[in-house]
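Chemist: Before I ask anything, here is the structure I am working with.
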Amino acid sequence: MKKKIFKIVQTVAFIGLGLFLIVYFWGKLSTKEQSDIVNNFRDANYFWIILALLVGVISHILRAARWNLLIETFDKPPTIWQTFWSVMAGYLANLAVPRLGEFTRCGLLSKQSKISFDKLLGSVVAERTFDMLVYLLLFATSIAVFYSTLKTYLNEKVFKGFNEKFASMSVTKIIVILIVGTLLIFVFFWILRYFREKPFIQKVRKIVRNLINGVLSIFKLRRAGLFFLYTLGIWIMYWLMVYLVYFSLPATSNLPPESAFIVMIYGTIGIILIQGGIGIYPIIVSEVLIIYGTSLADGYAIGWLSWSVQTAMILIMGLLAFIMVSTNKKKTNGLPETDIR
28 MKKKIFKIVQ TVAFIGLGLF LIVYFWGKLS TKEQSDIVNN FRDANYFWII
78 LALLVGVISH ILRAARWNLL IETFDKPPTI WQTFWSVMAG YLANLAVPRL
128 GEFTRCGLLS KQSKISFDKL LGSVVAERTF DMLVYLLLFA TSIAVFYSTL
178 KTYLNEKVFK GFNEKFASMS VTKIIVILIV GTLLIFVFFW ILRYFREKPF
228 IQKVRKIVRN LINGVLSIFK LRRAGLFFLY TLGIWIMYWL MVYLVYFSLP
278 ATSNLPPESA FIVMIYGTIG IILIQGGIGI YPIIVSEVLI IYGTSLADGY
328 AIGWLSWSVQ TAMILIMGLL AFIMVSTNKK KTNGLPETDI R
């Protein structure tokens, strides 16, 4: 009961924060900027929006095919459509409650294909851990490769605050902070060493060990090359989703492809921080596109259009996934058996 209440409170808090950001940021815009955003939505070329949505669907088909590569290491993989609809249902569940999607997609696929739920969940954990490592690699790459473009923005928006903070500190204060920080690190490792036989520490170590083994197992897949190819395809589709939306507005149609890569990377932070990225994703997009000379209103409009594409895709395909499950529940496999493996 407590867990259910916590999940409800957590979901309401995330959505509430997202709505607050929308109201707060909208209030900071001038009347002209607000009018420009409304006009952008009215005048947008929705052909590109629909095309971006279809590209998003392709990204999840690739994700389903990639998941099957993990499943085939311990069982006969289901059809790609069974896996795809389970993935989409999981994404819809994630919009409601954080991390619920992983359990939903595994539960659905286990029910339809009779594959062990625990094994499916283990494969999802390995996949998610791998994806996070890939994201961190892309994040570092974005800074290293495009630093000359991001430098001015980072200096003004990020480093300037740190520099001003440290400039106002005395040497004694800085030394004290460094000493305290060093002591805290020492105490942390001492606690780990002293309590390493305690059940909680053992459990944490086991989780970390399983995560590492899960990622390493990917490199030992029978078709590891295809797994990495699918991963590349997924990220290319994510990038293309953002880039195609640019063409829906004249003001952003000439932006360079690299800007869509930056938007994809930094926009993901917003999606991680707040449920579905509501409110914060368009703000991040508008801030990134300012670097490329886009007005705040145009950047914010593109941010909302891009967010709307992603959310609409999840809502439409997720709802369709649950419909497909319920209408086919009397079949042997439940879900459509079309196989394009």
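The sequence shown lines up with residues 28 to 368 when you count with the numbering used here. Every residue, glycine too, gets a C-beta built ideally from N, C-alpha and C. Just so it is clear, the structure is predicted and the values come from calculations on it, not from any experiment.
#1: Can you grab the Cα-Cα spacing for the pair V258 / L78, in whole Å?
#2: Put F254 into one of helix, strand or coil per three-state DSSP.
#3: Taking contact to mean at least 3 C-beta pairs separated by less than 8 Å, is the region 277-285 in contact with the region 111-119?
#4: If we ignore side chains and look at the alpha-carbon of each, how far apart do F68 and L332 end up?
#5: Quick check on the burial criterion: 16 or more other C-beta atoms within 10 angstroms. Buried or exposed for N66?
#6: Mapping the DSSP letters down to three states, classify I350 as helix, strand or coil.
#7: Can you say whether T372 is buried or exposed, counting buried as having 16 or more other CB atoms within 10 angstroms of its CB?
#8: Could you tell me the alpha carbon to alpha carbon distance between I202 and G208, rounded to whole angstroms?
#9: For R93, count neighbouring Cβ atoms within 10 angstroms of its own Cβ and tell me buried if that reaches 16, exposed if not.
#10: To the nearest angstrom, how far is it from the Cα of S175 to the Cα of S140?
#11: Using DSSP with H/G/I as helix, E/B as strand and the rest coil, what is N281?
#12: Around the Cβ of P104, are there at least 16 other Cβ atoms within 10 angstroms (buried) or fewer (exposed)?
#13: Counting Cβ pairs closer than 8 Å, one from the region 320-335 and one from the region 302-310, do we hit at least three?
#14: Could you give the residue range of the alpha helix (DSSP H) that holds Y314?
#15: How would you label M351, buried or exposed, when you count the other beta carbons within 10 angstroms and need 16 or more for buried?
#16: Round the Cβ separation of I329 and L316 to the nearest angstrom and send it over; I've been treating them as touching at under 8 Å.
#17: Identify whether E99 lies in helix, strand or coil by the three-state DSSP scheme.
#18: If you reduce the DSSP assignment to three classes, tell me which class A71 lands in.
#19: Looking at I299: is its Cβ nearer than 8 Å to the Cβ of R90?
#20: How many Å lie between L165 and T295 at the Cα?
#21: Do you know offhand how far Y273's Cα is from A116's?
Modeler: Taking the coordinates as given:
#1: Residue identity check: residue 258 is Thr in the sequence provided, not Val. About 21 Å.
#2: helix
#3: no
#4: 8 Å
#5: exposed
#6: helix
#7: Outside the modelled stretch of the chain, which goes from 28 to 368, sits residue 372, for which no answer is possible.
#8: 10 Å
#9: buried
#10: 50 Å
#11: coil
#12: buried
#13: yes
#14: A small fix is needed here, since residue 314 is Glu in this sequence, not Tyr. Taken as a continuous stretch (DSSP letters only), the alpha helix (DSSP H) holding E314 covers 307-317.
#15: buried
#16: 7 Å
#17: coil
#18: coil
#19: no
#20: 11 Å
#21: 28 Å
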